[in-house]
Amino acid sequence: MAEELVFYTNPMSRGRIVRWMLEEIGQPYRTEYLDFGTTMKAPDYLSVNPMGKVPTVKHGNTIVTECAAICAYLAEAFPQAGLAPTAAERGRYFRWMFFAAGPMEMAVTNRALGFEIPPERLRMAGCGSLEHVFDTLEQAVSASPFIAGDRFTAADVYVGSHVGWGLNFGTIEKRQAFIDYWGRVSDRDAYRRGNELDNAAMPKQPNS
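Positions 10 to 217 (the working numbering) are the ones given, in order, by the sequence shown.
Here it is in C-alpha cells:
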C-alpha cells in the first residue's frame with residue numbers, strides 16, 4: 010500500500026510552489042488547508058510543523074518543510090516523474106535551487122521590506138547586493154534553456170516560481186532573460202492545474 014501524501018497549505022502562500030511540484034509528480038495527494046493565525050498555529054498542526062507555517066508535506070511518517078527541500082524531496086521520492094537531476098545536472102540543480110532559497114530570497118525580501126544593507130557591510134551579508142543577485146540570476150537562466158541544463162527539473166519549479174512571482178509583483182527587474190525563462194518553465198499543464206486549484210481555494214472577497 011502506498012504511503013499517504015498530505016499537503017498542508019494556504020492558497021495565499023508559498024504553498025503554491027509545492028502545489029505546482031505535486032501536480033508535476035502526478036501522484037495522489039490530500040490537501041489540508043490552514044488559516045493564518047488560527048489553524049496554522051493550533052497544537053495539531055504545530056506537532057507537524059513547529060514553525061506554524063506552510064507549506065508542509067507529510068509522506069507516510071516523513072515530514073518535510075521549506076519549499077526547496079520539499080521540491081527536492083518529491084523529485085527523489087517519485088523518480089518516475091523525471092524531475093530529479095542526473096549526475097551531470099546535479100551541481101547546477103542544487104546550486105541554483107539553493108541560490109534562490111538563500112541569497113536571492115534574502116535580497117529580494119530585504120528590498121521589499123525597505124531594508125538596504127549599508128555598502129560597507131555587504132561582505133557581511135550572504136546575499137550581497139540585490140543588483141549582484143540579479144546579474145547572477147541572469148547568467149544562470151541564460152546559460153541553458155532550463156536552470157540545470159536542457160530539460161525541466163524540480164529546480165525549475167522552485168527557481169521559476171521565484172522569478173514568476175517577482176515579475177508579477179515587481180520585486181524582480183523585468184529583464185528579458187527573466188521574462189523568457191519564466192515563459193519557458195511556466196508553459197506546463199501541471200503549472201496551470203496547480204494555479205486553478207489554488208485560485209479556486211482562495212477566500213471569497215467582499216462583493217465578489
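For each residue, glycine too, the CB sits at the ideal point set by N, CA and C.
List the residues that DSSP assigns as beta-bridge partners of residue i.
i: residue 45; result: DSSP lists no partner for residue 45.
i: residue 72; result: 67
i: residue 40; result: 16
i: residue 158; result: 155
Can you list, in chain order, the residues of its chain with a C-beta nearer than 6 Å to that of residue i? Leave out the 5 residues immediately preceding and following it.
i: residue 22; result: 63
i: residue 83; result: 30 and 34
i: residue 93; result: 84 and 85
i: residue 20; result: 207, 210 and 211
For residue i, count neighbouring Cβ atoms within 10 angstroms of its own Cβ and tell me buried if that reaches 16, exposed if not.
i: residue 181; result: buried
i: residue 18; result: buried
i: residue 183; result: exposed
i: residue 207; result: buried
i: residue 113; result: buried
i: residue 149; result: buried
i: residue 196; result: exposed
i: residue 51; result: exposed
Taking the alpha helix (DSSP H) that residue i belongs to, which residues open and close that run?
i: residue 181; result: No alpha helix (DSSP H) contains residue 181, which DSSP labels as neither H nor E.
i: residue 198; result: 198–209
i: residue 118; result: 114–121
i: residue 57; result: Segment: none, residue 57 is in no alpha helix (DSSP H) and carries neither H nor E.
Quick one: residues in its chain with C-beta nearer than 7 Å to the C-beta of residue i, no 5 flanking neighbours on either side, listed in chain order?
i: residue 76; result: 23, 26, 27, 64 and 167
i: residue 175; result: 117 and 181
Spatial neighbours of residue i within its chain, please: CB distance less than 8 Å, with the 5 preceding and 5 following residues excluded, ordered by chain position.
i: residue 110; result: 75, 76, 77 and 167
i: residue 131; result: 137 and 138
i: residue 186; result: 147, 150 and 151
(message) Three Cβ pairs or more, each shorter than 8 Å: is that satisfied between the region 100–110 and the region 152–160?
(response) With a cut-off of 8 Å, the region 152–160 and the region 100–110 count as touching, because enough Cβ pairs lie within range.
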